[in-house]
Every structure is written in structure tokens, then in C-alpha cells.
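S.K.: Here the numbering used here is used: the first residue of the sequence shown is 206, the next is one more, and so on.
No residue lacks a Cβ here, since even glycine has one placed at the ideal position from N, Cα and C.
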Amino acid sequence: MNTAPLISVVIPTYNAPHYLLETLGTVLAQTFTDFEVVIINDGSTDDTLAALEPVAASDERIRIITQQNAGIGAARNRGINEARGKYVALLDHDDLWKPGKLAAQAAFMDAHPQCAACSVPWAWSTWPNEPTFRKSEICDETGIVQRPLHWLAHGRIFLISASIMFDRERARGLRYETRPRCIEDTPFQIGLFERGKFGIAGDEILMTYRVHAANYSKQAAFYYNGQRMLREFARGGKFDALSPQDRRDLNEFLAHLGRTTAAKQLMGGYRLKGLEMYLSELPHQLAQLRWKFLLTYPFLLVSPMKVVRRFLPGESV
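(1) Quick check on H585: buried or exposed, where buried means 16 or more other Cβ atoms within 10 Å of its Cβ?
(2) With DSSP as the reference, label I410 as helix, strand or coil.
(3) Alpha carbon to alpha carbon, what distance is there between T253 and Q450?
(4) Of the residues W302, R361, K497 and A308, which one's Cα is nearest the Cα of R415?
(5) Should the segment 395-414 be called in touch with the segment 498-509, which here means at least 3 C-beta pairs below 8 Å?
(6) Please determine if the segment 423-436 and the segment 381-389 are in contact, where contact requires at least 3 C-beta pairs separated by less than 8 Å.
(7) V260 and V214 - do their beta-carbons sit closer together than 9 Å?
(8) So L354 and L455 are supposed to be a Cβ contact under 8 Å. How far apart are they, rounded?
(9) Does the Cβ-Cβ distance between I269 and N286 come in under 9 Å?
(10) Once you ignore the five residues that flank F338 on each side, which residues in its own chain have a CB closer than 8 Å to its CB?
(11) Out of F438, T465 and R464, which one is the CA nearest neighbour of R452?
(12) Alpha helix (DSSP H) containing D390: first to last residue?
(13) Report the rounded CA-to-CA distance for Y292 versus G305, giving the unit in angstroms.
(14) Could you give the residue range of the alpha helix (DSSP H) that holds L523?
(15) Please state whether DSSP places S422 in a helix, a strand or coil.
(16) In whole angstroms, what separates the C-alpha of L517 from that of F237?
(17) Are the CB atoms of L459 and M370 nearer to each other than 9 Å?
(18) Find the nearest neighbour of G348 within the set I365, A367 and P318, judged by alpha-carbon distance.
(19) Can you tell which of K497, G473 and M482 has the C-alpha that lies nearest to the C-alpha of A425?
(20) How would you write the range of the alpha helix (DSSP H) that W496 sits in, first residue to last?
(21) Taking E265 as the reference, give the member of A492, L295 and A209 with the closest Cα.
(22) Using a Cβ-Cβ distance under 9 Å, would L225 count as near chain B?
(23) Kindly provide the ranges of any alpha helix (DSSP H) runs that are 4 or more residues long and lie completely inside the segment 316-383, ordered along the chain.
(24) Helix, strand or coil, according to DSSP, for P222 in the structure here?
(25) With H, G and I counted as helix, E and B as strand and the rest as coil, what does DSSP make of E227?
(26) With DSSP as the reference, label Y475 as helix, strand or coil.
(27) Mapping the DSSP letters down to three states, classify A294 as helix, strand or coil.
(28) DSSP has V214 in a bridge; who is on the other side?
(29) Which residues bound the alpha helix (DSSP H) around T271?
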């Protein structure tokens, strides 16, 4: 492609050709066609590259860039650096888009120049017809999310990496965290909230997050490392560009994430990590008056797993 497309689709991948080809198929089936696909092959050691090459040869919009394995954060950053579009749409190699996803987001971003980014209604693959949030609950009449961190703190998961499209110029200099084994997307998302409004494009489910064993197996460690990282960033002033209200909402959100992280340690059988998280979260949970967590969690730490599962069916307290 000689001219820059309106949208750059960035897909990091590592050793998952069976998922990637299906995912890529949902991109090529988009009703909106003015896009490029930047696939970052993050040092795959299987037949990923061989599986991709015939598809790329048949569509000039696809670019494949291979690098040494550096992790998903670094791979996303490489893709963002290589992107040429006005807007960047992120997609993980195992998630799926509905055909109208890019069209809805491009139209929304063009109509709302105050927005740094937008998401779409999306669903877990285990409940494909149930959106993870109600747009009418979190958005004003124009589709703008008011107080996004507040809604995230209350469990309204309205964005995930594969649902986001952002304005590349507004996000200049913003990149993903590259530390290993952490929730690398959260600081990036907070950075988007700092740089402009955030909206929801479309009314129907336009993206599906594929749930499988690989998603769950790493969650306890990723959340533990990620929560410690986010607290470190907050202490160091990384999020000080947020408005006063957004900073209050950030404190609420980090407390919510701390409780979720502590719950995931218990559900994963990591009781010592759970105790460490509880102790580090004590002052923050006290500030948020989270008495249920403060009083219940010590009991769960010494309870049999069947009791833990009964108290934490949704991994939160």
C-alpha cells in the first residue's frame, strides 16, 4: 500500500497459528476496507510464519514483521510504532471481530474528535450473546463514557485491548508496559483516559473475547504483579495528568483491582501471595471503607478451598 490507510490493525502473535488465521479472517471480513494489518510475529517457534505467508501474499494490506520474542507489551508497541493509520485498532491473535466493528469505530471517532479512543460492545466467548456492560448505563446520549475509571471500579468492563480503537496522534508517546507477567494493558488504558474522552461505538456486540485455559492459567501471577506495578506507578505520579475527579476514581478502581487480585490468589491456591496482597492493600481498602473485604478475607485465608469457592464465585470480595 502506497498511501496511508485510515486504520492500522495491530495483531501481536506468538505460537498460535490455529487461532490467528481465524482471527485474521474476521479482520478481512470487515465491511470497512481502508485499513492495513500489521502482524508482529513475536519470535514464534512453530509454523506461525508459514501459515501467515500465503494469506499475506494474497492481500497487500497485510504486513508481517518478525522480531525476537519480547512479550505481548513489546509486540504491541512495535505494531503501534509501525502503524501508518490515523487510527489504531488493537487485536489479540485469538479474539474475534464482527464485520461491522471497524466501520462503527471509524464513524464514531470521526464524529467525536474530542475522543482519544473508543470501544465497542463485546462479549466473552462463553456467553457470546451477552454484552459485558450496558451502554445506556455508562454513556451519555452521545456515546461518551462519563467517569470511565468509576465504572471500571464497579465491574463494568467496557474495554479490553481487542475492543479499542485510538487516535494515533493523541496517543503519541503512549506505549504498553513491557514488564513480564503483568496486566500490561491497564496503564495504557489509563493513559488513554488522560488524553481525551472515551466513547462506545455501536449498539450491538462487535467483538468476542475467546476464553480458554491459557487465559486463566496465568491470571493470579499477572494480577499480583500488575497490581503492585500500578500502585508503584500511582505513588510515583505516573497518573497525575488525570483530573482531580479521575484521580479519585483511580483510587477507587485500584482498590477494586486490589480486592480482585487478592481473590485470584486464593482461587489459584496462592495463600501466601494472598496474605501479602491483603497486607499491602490494607490502607487503601480502609480509605475506601471496604469493610466486607477487610473482615472476610482473613477468614478465607485459613478456610478450606470449598469454602473459598462458595464465598468467591466471581473472584471478588
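M.R.: A quick look at the data gives this:
(1) Because residue 585 is not part of the residues shown, which for the chain are 206 to 522, the question remains open.
(2) Residue mapping note: residue 410 aligns to position 205 of the sequence shown, counting from 1. DSSP places I410 in coil when its eight states are reduced to three.
(3) Within the sequence shown, residue 450 is the residue found at index 245, counting from 1. Within the sequence shown, residue 253 is the residue found at index 48, counting from 1. So the alpha carbons of these two residues sit roughly 45 Å apart.
(4) The residue labelled residue 415 in the question sits at position 210 within the sequence shown. Residue W302 is the option with its Cα nearest to R415.
(5) Under the Cβ criterion (8 Å, minimum of three pairs), the segment 395-414 does not count as touching the segment 498-509.
(6) As far as the Cβ criterion goes, the segment 423-436 touches the segment 381-389, which means the pair count is three or higher.
(7) Along the sequence shown, one-based indexing puts residue 214 at 9. Along the sequence shown, one-based indexing puts residue 260 at 55. In this structure, V260 does not lie closer than 9 Å to V214 by Cβ.
(8) Within the sequence shown, the letter at position 149 stands for residue 354. Within the sequence shown, the letter at position 250 stands for residue 455. Going by Cβ atoms, the distance from L354 to L455 rounds to 5 Å, so yes, they are a contact pair.
(9) Taking the first residue of the sequence shown as 1, we reach residue 269 at position 64. Taking the first residue of the sequence shown as 1, we reach residue 286 at position 81. Not in contact: I269 and N286 (Cβ atoms no closer than 9 Å).
(10) Residue 338 sits at position 133 when you count from the first residue of the sequence shown. Excluding positions up to five away in sequence, the list reads P326, W356, R361, I362 and F363.
(11) Locating residue 452 in the sequence shown gives position 247, counting from the first residue. Ranking F438, T465 and R464 by Cα distance to R452 puts F438 first.
(12) As a first step, residue 390 is located in the sequence shown; it is residue number 185 there, counting from the start. That run of the alpha helix (DSSP H) goes D390 to R400.
(13) Numbered from 1 along the sequence shown, position 87 holds the residue referred to as residue 292. Numbered from 1 along the sequence shown, position 100 holds the residue referred to as residue 305. In a straight line, the C-alpha of Y292 is about 16 Å away from that of G305.
(14) Any property of residue 523 remains undetermined from this structure, which presents the chain solely from 206 to 522.
(15) For the purposes of this step, residue 422 is identified with residue 217 of the sequence shown, where counting begins at 1. Unreliable placement is indicated for S422, whose pLDDT of 47 sits below 50; no coordinate value is reported for it.
(16) Your numbering for residue 517 matches position 312 in the sequence shown. Your numbering for residue 237 matches position 32 in the sequence shown. Each residue's Cα considered, the two are about 42 Å apart.
(17) One-based indexing of the sequence shown puts residue 459 at position 254. One-based indexing of the sequence shown puts residue 370 at position 165. No, Cβ-Cβ distance for L459 and M370 is not below 9 Å.
(18) Start at 1 with the first residue of the sequence shown, and residue 348 comes out as number 143. Out of I365, A367 and P318, P318 has the C-alpha closest to the C-alpha of G348.
(19) Counted from its first residue, the sequence shown places residue 425 at position 220. The candidate whose alpha carbon is nearest that of A425 is G473.
(20) Position 291 of the sequence shown, counted from the first residue, corresponds to residue 496. W496 -> alpha helix (DSSP H) spans W496 to L506.
(21) Locating residue 265 in the sequence shown gives position 60, counting from the first residue. Closest option to E265, judged by alpha-carbon separation, among A492, L295 and A209: A209.
(22) In the structure shown, chain B cannot be found, because there is only a single protein chain.
(23) The segment 316-383 contains these whole alpha helix (DSSP H) runs: 340-343 and 353-358.
(24) On the sequence shown, position 17 is the one that residue 222 refers to. Helix at P222.
(25) Counting from 1 along the sequence shown, the entry for residue 227 is found at position 22. In the three-state reduction of the DSSP assignment, E227 falls in the helix class.
(26) Within the sequence shown, numbered from 1, the residue matching residue 475 stands at position 270. Correct three-state label for Y475: coil.
(27) Here residue 294 refers to the residue found at position 89 when the sequence shown is read from its first residue. Strand at A294.
(28) The residue you call residue 214 lines up with position 9 of the sequence shown. Assignment of beta-bridge partners to V214 by DSSP yields V242 and A294.
(29) To locate residue 271, count along the sequence shown from 1; it is residue 66. Per DSSP, T271 is not a residue of any alpha helix (DSSP H); the beta strand (DSSP E) it occupies stretches across I267 to Q272.
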